[in-house]
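Novice: Everything in the sequence shown is counted per this note's numbering, starting at 3 for the first residue and increasing by one. Pasting a structure below so you can have a look.
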Amino acid sequence: MEKKGKLDLTGPFPEELAQLLQQQGFAAYRASQLFGWIHNKTCFDFEAMSNLPKDLLAFLETEYRTVLPLELAVEQRSKDGTEKYLFELADGAKIETVHIPEDKRDTICISTQVGCAMRCSFCATGQGGFTRNLTAGEITAQALWVENRLRKVGTGLTNVVYMGMGEPLANYEAVLKSVRLLNHPQGLNLGARRFTISTCGLVPEIGRLAQEDLQVNLAISLHAATDGQRSKTMPINRRYPIAELLEAARSYTEVTGRRVSFEYALIKDFNDGAEDARRLADLLRGMLCHVNLIPVNPVVDAQRPTMERCEAFAGILNSAGIPVSIRKERGTDIDAACGQLRGK
Ligand code: SAH
């Protein structure tokens, strides 16, 4: 994708756009109009922005060339309707975005980094290492692009999960800005409760998120009930062990009053036994939480347990009074499921 290396147009808030346009001698109110075209109407074509003056459009075109900082490179569709988009960014980096249609929802799973530095052993994204953070505009643009696509068939996004490539809380500022952009009343205006940020467990950032004035959902990738086990698959556990992580989760709930979700990928003969389920129940007892069991998606050597075994695991949590569900597998045939995004 050929593009000037300028700040992308999908990243600034209206007031930042206003400053930018004023510096060029344009009226500040043009910024609201421009923001509305991009974020509310999902219009990515300068020529179609009919209420903007010609000289402004000319300026934008020379300065930015394109509205979106990404371009579709490859598109795949699963037999279950899940769609995966490979986008190319201005510097040639590639990221993936997944659209998951359901009966009453249209969820997108967006990426926050090119690659990932966390190196969880079961996840494809980390295998290739970390390249760079995405900008707020690049994160936001994934949602705007999919929204534009969905409107053409008369639907629209209902939920956004930050569960694509990368560790969202390691790119904190840009991720939070993208939530605020998508939540903006002059833009898509998606309710904050429709966002879920998933983290491998960056304790200080969980604390920081609790202080934000935003009703987003927090999901924590736990995947094990002992430090020994967790450190084997998730190197981050050596920095922030389970006790510290759960303490952060508890105070998150205390401060925000919101329930935390724990993701637990079930790996055959590793963390899927009755003993593991009981230990997990002991850890979480009394917390305002929900456990999402994910039968592991085949990426490296991790195998998926049988459905009976997953259900037995869920049964133990259930009898301990811990709300639990087994995540439905989506898009595995096109490598679009959890942990399968590589950006290739
Ligand atoms: N970095 C963030 C978000 C990305 S992944 C995080 O760690 O939470 C979204 C979820 O998919 C995480 O819970 C992640 O641990 C999980 N996941 C990764 N690889 C997986 C796999 N092979 N099978 C099932 N879930 C996986």
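Glycine included, each C-beta is placed from N, C-alpha and C at the ideal position.
Should P187 be listed as close to ligand 1, given that the test is whether its C-beta is under 7 Å from any heavy atom?
Specialist: No, ligand 1 has no heavy atom inside 7 Å of this Cβ.
Novice: Taking C-beta to C-beta, are N273 and Q231 nearer than 8 Å?
Specialist: Taking 8 Å as the Cβ cut-off, N273 and Q231 qualify as a contacting pair.
Novice: Could you check how far apart the C-beta atoms of I112 and Q144 are, in whole angstroms? I think they sit under 8 Å.
Specialist: The Cβ separation is near 5 Å, so the contact holds.
Novice: In angstroms with no decimal places, state the Cα-to-Cα distance between T160 and A194.
Specialist: So the two alpha carbons sit approximately 11 Å from each other.
Novice: Just to confirm, does N299 get its C-beta within under 7 Å of one of the non-hydrogen atoms of ligand 1?
Specialist: Yes.
Novice: Taking only runs of the alpha helix (DSSP H) that begin and end inside the segment 110-184, which ones reach a length of at least 4 residues, in chain order?
Specialist: If we require 4 residues or more, the alpha helix (DSSP H) runs fully inside the segment 110-184 come out as 126-129, 138-153, 174-184.
Novice: In whole angstroms, give me the CA-to-CA distance for K5 and E73.
Specialist: Bear in mind that the predicted position of K5 carries a pLDDT of just 49, short of 50, making it too unreliable to give a figure here.
Novice: Using DSSP with H/G/I as helix, E/B as strand and the rest coil, what is R332?
Specialist: Residue state, collapsed to three classes: coil.
Novice: Measuring only the C-alpha atoms, how far is V205 from L91?
Specialist: If you take the alpha carbons of V205 and L91, they lie about 30 Å apart.
Novice: With H, G and I counted as helix, E and B as strand and the rest as coil, what does DSSP make of N320?
Specialist: Looking at N320 - three-state DSSP - the assignment turns out to be helix.
Novice: Measure from the alpha carbon of A251 to the alpha carbon of each residue in Q213, P237, K234, K270, then state which is nearest.
Specialist: Checked all of Q213, P237, K234, K270; the closest Cα to A251 is Q213.
Novice: Express the C-alpha separation of A221 and G7 in angstroms, rounding to a whole number.
Specialist: Because G7 sits at a pLDDT of 49, beneath the cut-off of 50, its placement in the model cannot be relied upon, and the point is left open.
Novice: Given 7 Å as the limit, tell me if P243 has its C-beta closer than that to any heavy atom belonging to ligand 1.
Specialist: No, the Cβ of P243 stays beyond 7 Å of every heavy atom of ligand 1.
Novice: Is E265 near ligand 1, going by C-beta to nearest heavy atom under 7 Å?
Specialist: True, at least one ligand heavy atom lies under 7 Å from that Cβ.
Novice: Around the C-beta of Y31, are 16 or more other C-beta atoms found within 10 angstroms, so that it is buried, or is it exposed?
Specialist: So Y31 counts as exposed.
Novice: Tell me the residue span of the beta strand (DSSP E) that contains K96.
Specialist: First-last of the beta strand (DSSP E) with K96: 96-103.
Novice: Would you list the one or two residues that DSSP bridges to F28?
Specialist: Paired residue(s): none; F28 is not in a bridge.
Novice: For A60 and Y87, I'd like the C-alpha separation in whole angstroms.
Specialist: Rounded to the nearest angstrom, the two C-alpha atoms are 30 Å apart.
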